[in-house]
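Protein chains in written order, with our numbering: chain R, 71 to 607; chain L, 2 to 238. Here a beta-carbon is modelled for each residue, glycine too, at the ideal position from N, C-alpha and C. Remember, predicted model here, so these are calculated numbers, not experimental data. Worksheet: one structure, shown below.
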């Protein structure tokens with residue numbers, strides 16, 4: 071039974087990655103070409119993350135391995151792997167386990183609730199393994215190059231790699247359950263979910279950024295801290311169990327990974343039906359005042375519809391809008407740490423360091439914008455309600471424009487604010503100020519256009535769970551690719567032209583983005599409209 | 002009001018609807034009957050302008066749904082068999098959204114919505130999110146939204162499914178009044194008794210092809226519509 075359920079889950083995930091073509095026979099299998107393309111894209115993303123972790127582990131190894139503190143290296147591996155798995159799966163767990171649209175359907179069938187739960191947790195476990203691999207592969211390579219080659223260390227590492235995702239899954243499921251219970255009882259639950267996630271996300275990254283400091287402290291005062299702060303001990307065991315080949319510590323670590331999973335599965339499977347039904351029954355809705363009649367025009371109504379859809383879904387906001395808080399944080403951090411940044415870069419001895427830094431900020435803002443993907447799932451999200459907008463007397467071009475506007479009204483002001491703040495703080499020359507103010511908001515428009523095009527080319531309207539399209543959809547992956555790659559091109563052009571004049575940089579970078587915006591917009595209003603009208607309602 | 006002329010819709014290599022021609026005049030309630038998968042919904046969707054088709058022409062009040070879809074859509078309303086509405090909106094927000102798109106003034110929408118909301122007994126639920134609605138409530142909301150701009154032509158796909166007896170009765174009254182005022186209704190149904198009592202004309206479709214059409218008297222003769230339908234099904238088997 072679990073096999074059938076898991077197969078259904080994978081079929082849904084595969085469908086999100088390989089959308090059917092217009093008028094395609096529904097029984098026809100998806101094309102292999104798209105599957106291969108998606109695989110290549112995932113490998114590309116995985117490769118980028120692996121490179122980041124490779125450099126991180128290289129740094130860690132250079133600090134701790136010479137002083138024979140291999141346990142610190144592996145403790146960091148456990149922390150980073152857990153972070154990847156938790157952040158990647160907590161909201162997937164929430165949507166796939168507690169809020170899946172086919173829960174009622176499956177519970178009505180003669181299937182044991184524990185089998186339904188197991189099938190969903192198994193898919194999440196596989197996702198956890200994939201996310202762990204992104205950390206584990208570079209960690210293993212760096213250890214192979216600079217660490218010792220003891221058999222017990224490798225055995226411990228392998229067992230940890232196999233067991234750690236169970237721990238990540240257990241904690242993700244418990245958090246997902248708690249968030250689901252809290253948000254079910256609150257109005258504006260999507261905002262509460264987003265706030266909870268952001269709070270956790272930034273708190274966790276704050277801890278990770280300081281973890282090295284805490285571990286160093288622990289290393290320097292090992293016995294004293296270990297005796298007084300027993301709670302931190304497991305973190306030491308996790309690392310030492312692998313690095314020192316200590317089988318007792320390794321066994322305890324593996325138990326710590328596996329036991330919470332077993333307990334979580336037992337608890338959730340025992341109360342699966344009650345959890346789902348209690349959530350629905352207790353949901354508190356604030357009713358609007360009776361007879362609320364407000365007149366507006368069609369364009370505004372379409373834009374409001376897009377914004378309402380976005381605000382109603384925490385998965386949509388989190389997966390497609392994470393760059394908004396990140397942009398603000400980067401801008402604030404750049405202002406707060408202004409003196410430090412300037413002093414570090416002034417040591418290099420370049421002239422006009424403010425201009426160079428601001429050009430880097432432009433690239434950073436553009437790069438961060440590639441995580442704002444509001445238009446990329448916007449067509450797919452129409453889902454079963456596609457008939458509705460298609461039956462109304464609004465032109466297809468207006469519908470597409472409303473989707474673009476939704477993206478732009480959210481992202482462009484944030485970019486503009488960041489540009490103004492950075493321009494005031496770093497006082498670059500006039501062309502660089504203009505570059506800061508024009509290029510990132512213009513790049514938002516490019517991403518909005520390219521996201522919509524990608525979704526029109528790869529729409530999925532028969533999804534069961536919206537996470538399929540906002541998280542794993544082909545359009546999301548393609549948009550990420552087409553929004554990150556041009557940043558490197560712009561960087562290369564900017565560097566070359568800046569040697570001659572910043573005015574040239576301003577002119578060419580803005581002209582290039584503008585050209586992309588115009589071409590993609592022209593395509594949207596012609597080919598895009600045709601594609602939109604060809605999607606079956 | 003609605004002229005379907007040699008309409009053909011193909012999915013892959015399969016003809017879902019083949020060379021269908023139907024003409025609906027102002028003031029008529031036109032029933033569309035057929036077994037599951039006969040092509041009723043495919044036809045209604047094409048009339049509503051939400052499904053592209055390969056051959057033929059569909060005219061709404063003389064306007065082509067292919068060449069001038071916006072003008073056609075302003076003249077009509079469509080309610081599908083399973084109304085999936087925007088669950089992220091409340092009932093009021095949804096009605097306001099539809100009224101905004103059709104450009105209905107605040108005064109008109111207040112008057113019309115007040116009337117239909119009362120008839121369908123939905124006033125207390127409109128402040129709630131649509132995600133909390135039952136199937137019947139969604140059906141009622143979709144019907145109210147379809148009526149808010151006073152369309153000339155209403156396309157209904159299985160409109161009585163999910164409605165309680167009272168709402169079903171009210172809908173029949175509304176349909177009749179709409180046609181008395183010069184409007185037209187084209188609706189599909191499996192409930193042959195309802196079609197027999199309500200429709201001025203009826204068309205029976207089988208395997209995407211029109212089997213018979215005409216006034217109710219022409220189609221059923223002295224027998225019942227059910228007898229005619231079953232006889233046609235047997236003959237074609």
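What's the C-alpha gap between residue 346 of chain R and residue 185 of chain R? For this step, residue 346 of chain R is matched to residue 276 along the first chain. For this step, residue 185 of chain R is matched to residue 115 along the first chain. Going from the Cα of residue 346 of chain R to the Cα of residue 185 of chain R covers about 15 Å.
Taking a contact to mean a Cβ-Cβ separation below 7 Å, would you say residue 141 of chain L touches residue 121 of chain L in this structure? Position 140 of the second chain, counted from the first residue, corresponds to residue 141 of chain L. Position 120 of the second chain, counted from the first residue, corresponds to residue 121 of chain L. It is a contact, given that the beta carbons lie within the stated cut-off.
If I follow the unbroken alpha helix (DSSP H) through residue 591 of chain R, where does it start and stop? Here residue 591 of chain R refers to the residue found at position 521 of the first chain. Residue 591 of chain R -> alpha helix (DSSP H) spans 572 to 593.
Counting along the chain, where does the alpha helix (DSSP H) carrying residue 139 of chain L start and finish? Within the second chain, the letter at position 138 stands for residue 139 of chain L. Segment 136 to 148, the alpha helix (DSSP H) holding residue 139 of chain L.
Is the Cβ-Cβ distance between residue 421 of chain R and residue 498 of chain R less than 7 Å? The count along the first chain starts at 1 and reaches residue 421 of chain R at position 351. The count along the first chain starts at 1 and reaches residue 498 of chain R at position 428. No; because the gap between Cβ atoms is not below 7 Å, this pair is not in contact.
From residue 353 of chain R to residue 127 of chain L, what distance separates their C-alpha atoms? Sequence index remark: in the first chain, residue 353 of chain R carries index 283 (1-based). Sequence index remark: in the second chain, residue 127 of chain L carries index 126 (1-based). Confidence at residue 353 of chain R is low in this model, with a pLDDT of 45, below 50, so the placement of that residue should be treated as unreliable; the coordinate-derived value is given next. So the two alpha carbons sit approximately 17 Å from each other.
Exposed or buried, which one is residue 174 of chain R when buried takes at least 16 other CB atoms within 10 Å? Taking the first chain and counting its residues from 1, the one referred to as residue 174 of chain R is at position 104. So residue 174 of chain R ends up on the exposed side.
Going along the chain, which unbroken runs of the alpha helix (DSSP H) with 4 or more residues stay wholly within the region 437 to 512 of chain R? 456 to 461 and 466 to 496
Name the one or two DSSP bridge partners that residue 58 of chain L has. For the purposes of this step, residue 58 of chain L is identified with residue 57 of the second chain, where counting begins at 1. Residue 58 of chain L is bridged to L/6.
Relative to the C-alpha of residue 375 of chain R, which candidate in R/469, R/249 and R/106 has its C-alpha closest? Numbered from 1 along the first chain, position 305 holds the residue referred to as residue 375 of chain R. Closest option to residue 375 of chain R, Cα to Cα, is R/469.
Can you give me the start and stop residues for the alpha helix (DSSP H) that residue 128 of chain R sits inside? Residue numbering aside, residue 128 of chain R sits at position 58 when the first chain is read from its first letter. First-last of the alpha helix (DSSP H) with residue 128 of chain R: 102 to 134.
Residue 505 of chain R to residue 403 of chain R, Cα distance in whole Å? Position 435 of the first chain, counted from the first residue, corresponds to residue 505 of chain R. Position 333 of the first chain, counted from the first residue, corresponds to residue 403 of chain R. Taking the straight line joining both Cα atoms gives about 20 Å.
I'd like to know whether the C-beta of residue 404 of chain R is nearer than 7 Å to at least one C-beta of chain L. In the first chain, counting from the first residue as 1, residue 404 of chain R sits at position 334. Not an interface residue.
Excluding the 5 residues flanking residue 1 of chain L on each side, which residues of the same chain have their C-beta closer than 7 Å to its C-beta? No answer is possible for residue 1 of chain L: it lies beyond the span of chain L, which begins at 2 and ends at 238.
Could you pull the start and end residues of the beta strand (DSSP E) that residue 16 of chain L belongs to? The residue labelled residue 16 of chain L in the question sits at position 15 within the second chain. Segment 15 to 25, the beta strand (DSSP E) holding residue 16 of chain L.
Given 8 Å as the limit, is there contact between the region 555 to 573 of chain R and the region 474 to 481 of chain R, that is, 3 or more CB pairs closer than that? no
Taking only beta-carbon atoms, is residue 160 of chain L less than 7 Å away from chain R? As a working mapping, residue 160 of chain L is identified with position 159 in the second chain. No - not a single Cβ of chain R is within 7 Å of the one on residue 160 of chain L.
Chain-order list of residues whose beta-carbon lies under 7 Å from that of residue 225 of chain L (same chain, five-residue window excluded): Residue numbering aside, residue 225 of chain L sits at position 224 when the second chain is read from its first letter. Excluding residues within five positions, the ones whose Cβ falls inside 7 Å are 197.
Applying a beta-carbon distance threshold of less than 9 Å, which residues of chain B neighbour residue 37 of chain L? The structure shown has no chain B; the protein chains it does contain are R and L.
For residue 385 of chain R, which option in R/201, R/503, R/228 and R/250 has the closest C-alpha, if you only look at C-alpha atoms? One-based indexing of the first chain puts residue 385 of chain R at position 315. Taking only the C-alpha atoms, the option nearest residue 385 of chain R is R/250.
Going by beta carbon distance, what residues of the same chain come within less than 8 Å of residue 135 of chain R, once the five residues before and after it are set aside? Numbered from its first residue, the first chain carries residue 135 of chain R at position 65. 143, 216 and 217, listed in sequence order.
For residue 158 of chain R, which residues of its own chain have a beta-carbon under 6 Å away from its beta-carbon, when the five flanking residues on both sides are left out? Counting from one through the first chain, the residue named residue 158 of chain R turns up at place 88. Closer than 6 Å at Cβ, skipping near neighbours: 201.
Alpha carbon to alpha carbon, how far is residue 185 of chain L from residue 2 of chain L? Give it in angstroms, no decimals. Working through the second chain from its first residue, we reach residue 2 of chain L at position 1. Working through the second chain from its first residue, we reach residue 185 of chain L at position 184. The straight-line gap from Cα to Cα measures roughly 7 Å.
Within chain L, partners of residue 688 of chain R - CB distance below 8 Å: Absent from the structure is residue 688 of chain R, since the part of chain R shown begins at 71 and ends at 607.
I'd like to confirm the pairing. Which residues does DSSP put opposite residue 99 of chain L in its beta bridges? As a working note, residue 99 of chain L is residue 98 in the second chain. Its beta-bridge partners do not exist; DSSP assigns none.
Pull the bridge partners of residue 214 of chain L from the DSSP assignment, please. Counting from one through the second chain, the residue named residue 214 of chain L turns up at place 213. DSSP, once it has assigned bridges, lists L/204 as partnering residue 214 of chain L.
Tell me the DSSP bridge mates of residue 91 of chain L? Numbered from 1 along the second chain, position 90 holds the residue referred to as residue 91 of chain L. The partner list for residue 91 of chain L (beta bridge, DSSP) reads L/130.
Burial state of residue 410 of chain R, where buried means 16 or more other Cβ atoms lie within 10 Å: Sequence index remark: in the first chain, residue 410 of chain R carries index 340 (1-based). Exposed is the call here.
On the CB-based measure, 16 or more other CB atoms within 10 Å of its CB, does residue 529 of chain R come out buried or exposed? Taking the first residue of the first chain as position 1, residue 529 of chain R is located at position 459. So residue 529 of chain R ends up on the buried side.
Say whether chain R places a C-beta atom closer than 7 Å to the C-beta of residue 2 of chain L. Within the second chain, the letter at position 1 stands for residue 2 of chain L. No, residue 2 of chain L lies away from the interface with chain R (no Cβ there is under 7 Å from its Cβ).
Is the number of C-beta pairs between the region 567 to 575 of chain R and the region 454 to 467 of chain R that are closer than 8 Å three or more? no
Does residue 81 of chain L get closer than 7 Å to chain R when you measure Cβ to Cβ? By 1-based counting over the second chain, the position of residue 81 of chain L is 80. So, interface residue.
Proximity below 7 Å, CB of residue 509 of chain R to CB of residue 428 of chain R: The residue labelled residue 509 of chain R in the question sits at position 439 within the first chain. The residue labelled residue 428 of chain R in the question sits at position 358 within the first chain. It is not a contact, given that the beta carbons lie outside the stated cut-off.
Step through the CB atoms of chain L and report whether any lies within less than 7 Å of the CB of residue 541 of chain R. As a first step, residue 541 of chain R must be located in the first chain, where it is residue number 471. Cβ-Cβ to chain L under 7 Å: no for residue 541 of chain R.
Secondary structure at residue 71 of chain R, three-state DSSP: helix, strand or coil? As a first step, residue 71 of chain R is located in the first chain; it is residue number 1 there, counting from the start. Coil.
CA-to-CA distance, residue 543 of chain R to residue 191 of chain R, given in whole angstroms: For the purposes of this step, residue 191 of chain R is identified with residue 121 of the first chain, where counting begins at 1. For the purposes of this step, residue 543 of chain R is identified with residue 473 of the first chain, where counting begins at 1. Looking at the two C-alpha atoms, the distance is approximately 20 Å.
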